[in-house]
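Chemist:
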Amino acid sequence: MPPTTLSDRATHMNMIPPPASSPSSHGKDFVEVVVVRHGETSANTLRIIQGQMDVELNETGRQQAVMVARRLSREAKPSAVYSSDLKRAAETAQTIATACNVSNLVLNPALRERHMGDLHGLKFDDAIRSKPDAWKAFSSDDRSQEIPGVGRALINWERVIVVSHEASIEELCWHADHPTNSARRRIPNTSICIFHISATNGHWTLERFGDIAHLNEDGFLQHAFGGDGASA
1 MPPTTLSDRA THMNMIPPPA SSPSSHGKDF VEVVVVRHGE TSANTLRIIQ GQMDVELNET
61 GRQQAVMVAR RLSREAKPSA VYSSDLKRAA ETAQTIATAC NVSNLVLNPA LRERHMGDLH
121 GLKFDDAIRS KPDAWKAFSS DDRSQEIPGV GRALINWERV IVVSHEASIE ELCWHADHPT
181 NSARRRIPNT SICIFHISAT NGHWTLERFG DIAHLNEDGF LQHAFGGDGA SA
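Residues in the sequence shown are numbered consecutively from 1, following the UniProt record's numbering.
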């Protein structure tokens with residue numbers, strides 16, 4: 001029988017910890033997963049649906065990565081940093097890992113953005129007009145896509161950082177949050193979402209959503225939204 005719940009599906013995919021009978025080795029009853037969206041790209045500013053296009057950060061994105069890395073370096077040190085292997089995420093993750101003095105940086109294709117099918121490479125306005133069926137599927141509340149996490153070994157760690165992409169993070173937030181909170185919400189570049197994973201049953205809980213306090217520094221807050229209404 002195929003897995004039916006998020007926990008079942010993700011465990012089946014070797015993506016989140018299986019249920020455990022006791023708290024993890026660090027003494028807490030949860031693991032904290034800090035999920036960060038990559039920094040800005042030129043495609044973001046042009047409102048292009050990137051999907052799995054391998055686009056580099058632009059200069060604003062690199063500065064955003066430095067700012068989120070600086071913030072995370074002042075918090076509890078993570079055991080590891082996981083990232084999509086696409087350039088925009090990998091560069092963001094490398095900046096974070098360096099600032100946090102973490103040598104365990106893992107690039108995993110499973111953390112890539114969703115495949116956008118016919119919408120791939122289109123501007124949002126063009127996609128709505130020229131590919132209405134694909135756009136309807138993309139913007140619907142059907143959350144059937146599997147969302148990757150960060151590995152079975154997680155259960156023995158206290159805190160990890162994951163760098164991924166907007167649509168994938170949005171899916172994870174939807175599954176971890178209450179099902180009625182299904183409206184699409186803005187996830188700015190380098191925003192932070194924090195999840196707790198129960199050490200007893202592997203359940204994900206969304207603790208913080210879209211935190212961009214670090215972008216208040218030096219007027220960067222506005223750049224997180226520049227051309228980024230719903231880009232992926």
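Note that the Cβ used here is the ideal one computed from N, Cα and C, for glycine as well.
None of the values given here were measured: they were computed from a predicted structure.
Answer with buried or exposed for A76, where buried requires no fewer than 16 other C-beta atoms within 10 angstroms of its C-beta.
Modeler: A76 is exposed by the Cβ-count criterion.
Chemist: Taking the beta strand (DSSP E) that A80 falls in, what are its first and last residues?
Modeler: That run of the beta strand (DSSP E) goes A80 to S83.
Chemist: Say yes only if the C-beta of D54 is nearer than 7 angstroms to one or more non-hydrogen atoms of the ligand NAD, and no if none qualify.
Modeler: This structure lacks the ligand NAD, and indeed carries no ligand of any kind.
Chemist: In whole angstroms, what is the alpha-carbon distance linking I192 and M53?
Modeler: Each residue's alpha carbon lies about 22 angstroms from the other.
Chemist: Taking 6 angstroms as the limit between beta carbons, can you name the residues of its chain near A43, skipping five residues before and five after?
Modeler: If we look at A43 and ignore the five residues flanking it on each side, its Cβ neighbours are Q50 and V55.
Chemist: In three-state terms, what does DSSP make of I187?
Modeler: It is coil, neither helix nor strand.
Chemist: Under 7 angstroms Cβ to Cβ from E217, same chain only, skipping five residues before and after it: list those, please.
Modeler: Once the five neighbours on either side are set aside, the close Cβ partners of E217 are M67.
Chemist: Nearest CA to the CA of R62: which residue from E158, G39, V33 and E171?
Modeler: It is G39 whose Cα lies nearest to the Cα of R62.
Chemist: Quick check on C193: does DSSP put it in helix, strand or coil?
Modeler: The answer is strand: DSSP assigns C193 an E or B state.
Chemist: Going by DSSP, name the residue or residues bridged to I161.
Modeler: In the DSSP output, where bridge partners are listed per residue, I161 has V34 and V81.
Chemist: Any idea which residues DSSP pairs R208 with across the strands?
Modeler: For R208, which the question treats as bridged, DSSP gives the partners I194.
Chemist: Among I212, R159 and D29, which has the Cα closest to the Cα of N104?
Modeler: The option with the nearest alpha carbon to N104 is R159.
Chemist: Taking the continuous beta strand (DSSP E) assigned at L105, which residues delimit it?
Modeler: L105 -> beta strand (DSSP E) spans L105 to L107.
Chemist: Taking C-alpha atoms, which residue in D211, G210 and H196 lies nearest to A204?
Modeler: One point to set straight first is that residue 204 is Trp, not Ala, in the sequence displayed. Considering only alpha carbons, the answer is H196.
Chemist: Pick helix, strand or coil for I48, following the three-state DSSP scheme.
Modeler: Residue state, collapsed to three classes: strand.
Chemist: From V81 to V31, what does the alpha carbon distance come to, in whole angstroms?
Modeler: Looking at the two C-alpha atoms, the distance is approximately 14 angstroms.
Chemist: Comparing alpha-carbon positions, which option in T190, R208, T98 and R88 lies nearest W174?
Modeler: Looking at the Cα atoms, R208 is the closest of the given residues.
Chemist: With DSSP as the reference, label T200 as helix, strand or coil.
Modeler: Coil at T200, not helix or strand.
Chemist: Just to confirm, is the Cβ distance from S164 to V35 under 8 angstroms?
Modeler: Closer than 8 angstroms, so yes.
Chemist: Short check: CB of S79 to CB of A93, under 8 angstroms?
Modeler: No; because the gap between Cβ atoms is not below 8 angstroms, this pair is not in contact.
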